[in-house]
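>
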Amino acid sequence: DAMVIQNPRYQVTQFGKPVTLSCSQTLNHNVMYWYQQKSSQAPKLLFHYYDKDFNNEADTPDNFQSRRPNTSFCFLDIRSPGLGDAAMYLCATSRGVWQGASPLHFGNGTRLTVT
Amino acid sequence: GENVEQHPSTLSVQEGDSAVIKCTYSDSASNYFPWYKQELGKGPQLIIDIRSNVGEKKDQRIAVTLNKTAKHFSLHITETQPEDSAVYFCAASDGNNRLAFGKGNQVVVIP
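Protein sequences, first through last, are from chains A and B.
Its first residue numbered -15, the first sequence is counted upward by one per residue in this note's numbering.
Its first residue numbered 954, the second sequence is counted upward by one per residue in this note's numbering.
1) According to DSSP, is aspartate 970 of chain B helix, strand or coil?
2) List the residues that DSSP assigns as beta-bridge partners of isoleucine 62 of chain A.
3) Nearest chain B C-beta to glutamine 25 of chain A closer than 8 Å, yes or no?
4) Residues of chain A with a CB under 9 Å from the CB of glutamine 1013 of chain B: which are they?
5) Using a Cβ cut-off of 7 Å, pull out every chain A residue sitting near lysine 1056 of chain B, in sequence order please.
6) Taking only the alpha-carbon atoms, compute the straight-line gap between leucine 74 of chain A and phenylalanine 1042 of chain B and give it to the nearest angstrom.
7) Shorter than 8 Å from the beta carbon of leucine 993 of chain B to some beta carbon of chain A?
8) Can you tell me the Cα-Cα spacing of serine 24 of chain A and glutamate 41 of chain A, whole angstroms?
9) Between the segment 979 to 992 of chain B and the segment 78 to 97 of chain A, do at least 3 Cβ pairs fall closer than 8 Å?
10) Which whole-angstrom value is the C-beta distance of glutamine 959 of chain B and lysine 1056 of chain B, which I expect to be below 8 Å?
11) Is the segment 42 to 52 of chain A in contact with the segment -12 to -1 of chain A, if contact means three or more CB pairs nearer than 8 Å?
12) What residues in the segment 1015 to 1042 of chain B have a beta carbon less than 9 Å from any beta carbon of chain A?
13) Going by beta carbon distance, what residues of the same chain come within less than 7 Å of valine 81 of chain A, once the five residues before and after it are set aside?
14) Quick test of the definition: if touching needs 3 or more C-beta pairs under 8 Å, does the segment 977 to 985 of chain B touch the segment 1032 to 1041 of chain B?
15) Taking the alpha carbon of valine 1061 of chain B as the reference point, which residue from B:Ala1039, B:Val973, B:Asp1047 has its own alpha carbon closest?
16) Checking 8 Å against the spacing of the C-beta atoms, do leucine 30 of chain A and glutamine 21 of chain A come in under that value?
17) Does DSSP put proline 1035 of chain B in a helix, in a strand, or in coil?
18) How would you label alanine 1023 of chain B, buried or exposed, when you count the other beta carbons within 10 angstroms and need 16 or more for buried?
19) With the cut-off set at 8 Å, would you say serine 1105 of chain B and glutamate 955 of chain B are in Cβ contact?
20) To which residues does DSSP link valine 1062 of chain B through a beta bridge?
21) Of the choices A:Thr77, A:Pro2, A:Ala26, A:Pro27, whose alpha-carbon is the least far from that of cysteine 58 of chain A?
22) Between arginine 51 of chain A and the rest of its own chain, which residues show a CB-CB distance below 6 Å, the 5 nearest in sequence each way excluded?
Put into structure tokens, the structure is as follows:
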């Protein structure tokens, strides 16, 4: 089955220690998104790639970076994690940017713990 | 920007009964309204969506209704089953890449 795969499912990092989360997709979708979801809250968009074009949300902290080396893979880098960055990180894809034509397909997320 | 609100935050129903979750939105330009189901430890999954040119859409036990005048849309689940227990998110989009999500509803189906 075509899908969005996130690794690892659980990640523990130390305060200030850089961490990278990965996402791969077999859907061949143009757009890949990273969302942050804290407990009992809605997913919050951090940024997205349309093909190789990077689009950052205005309120995404500089601490968060992303790379998309090819269509299938996308990485989320947190340069200096703080306690407030502990959350579930969700990767999603869509065929285009208009959600009415191509809904989001989410992975199962990586739960990040910062100690 | 778009603001989406969901009510109630938690809903408990007896197995076999119906569940209704209502969302309101603020931007009259929004034209696409999906519903996502998130089970514990998993990512959200699209379960049904509706566009602004349609008032109602049904898929087996799930239906969504849209009232553009009042700017609200609702998810209806009939004959609820234990596997319907999850968090449900509504969202709204004006056609751009951004979806504005509601805060989610925890639905608990009591066997």
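Quick reminder that beta carbons are idealized off the backbone N, C-alpha and C, glycines included.
Looking at the coordinates:
1) As a working note, residue 970 of chain B is residue 17 in the second sequence. Three-state DSSP puts aspartate 970 of chain B in coil, outside helix and strand.
2) Taking the first sequence and counting its residues from 1, one reaches residue 62 of chain A at position 78. Answer is A:Val3, A:Phe48, bridged to isoleucine 62 of chain A.
3) Numbered from 1 along the first sequence, position 41 holds the residue referred to as residue 25 of chain A. It does: the Cβ of glutamine 25 of chain A has a partner Cβ on chain B nearer than 8 Å.
4) For the purposes of this step, residue 1013 of chain B is taken as residue 60 along the second sequence, with counting starting at 1. At a beta-carbon threshold of 9 Å, none of the residues of chain A lie near glutamine 1013 of chain B; the nearest stands roughly 18 Å away.
5) Translated into positions along the second sequence, residue 1056 of chain B becomes position 103. Residues of chain A passing the Cβ test: Gln25, Ala26.
6) Here residue 74 of chain A corresponds to residue number 90 of the first sequence, with the count starting at 1. Here residue 1042 of chain B corresponds to residue number 89 of the second sequence, with the count starting at 1. So the alpha carbons of these two residues sit roughly 15 Å apart.
7) The count along the second sequence starts at 1 and reaches residue 993 of chain B at position 40. Answer no: the Cβ-Cβ gap between leucine 993 of chain B and chain A never drops below 8 Å.
8) As a first step, residue 24 of chain A is located in the first sequence; it is residue number 40 there, counting from the start. As a first step, residue 41 of chain A is located in the first sequence; it is residue number 57 there, counting from the start. Going by the C-alpha atoms only, they are around 22 Å apart.
9) yes
10) For the purposes of this step, residue 959 of chain B is identified with residue 6 of the second sequence, where counting begins at 1. For the purposes of this step, residue 1056 of chain B is identified with residue 103 of the second sequence, where counting begins at 1. Beta-carbon to beta-carbon, glutamine 959 of chain B and lysine 1056 of chain B are separated by about 6 Å, close enough to satisfy the 8 Å threshold.
11) No, the segment 42 to 52 of chain A does not touch the segment -12 to -1 of chain A.
12) Val1040, Phe1042
13) Here residue 81 of chain A refers to the residue found at position 97 of the first sequence. Val15, Tyr34.
14) No, they do not touch.
15) On the second sequence, position 108 is the one that residue 1061 of chain B refers to. Closest option to valine 1061 of chain B, Cα to Cα, is B:Ala1039.
16) As a first step, residue 30 of chain A is located in the first sequence; it is residue number 46 there, counting from the start. As a first step, residue 21 of chain A is located in the first sequence; it is residue number 37 there, counting from the start. Cβ atoms of leucine 30 of chain A and glutamine 21 of chain A: not closer than 8 Å.
17) Reading the second sequence from its first residue, position 82 is the one you call residue 1035 of chain B. In this structure, proline 1035 of chain B counts as helix in the three-state DSSP scheme.
18) Here residue 1023 of chain B refers to the residue found at position 70 when the second sequence is read from its first residue. Exposed, since its Cβ has fewer than 16 Cβ neighbours within 10 Å.
19) For residue 1105 of chain B there is no data in the structure shown, the boundaries of chain B being 954 and 1064.
20) On the second sequence, residue 1062 of chain B is found 109 positions in, with the first residue counted as 1. Partner(s): B:Val966.
21) Counted from its first residue, the first sequence places residue 58 of chain A at position 74. The candidate whose alpha carbon is nearest that of cysteine 58 of chain A is A:Thr77.
22) Sequence index remark: in the first sequence, residue 51 of chain A carries index 67 (1-based). Taken in chain order, the residues that qualify are Phe59.
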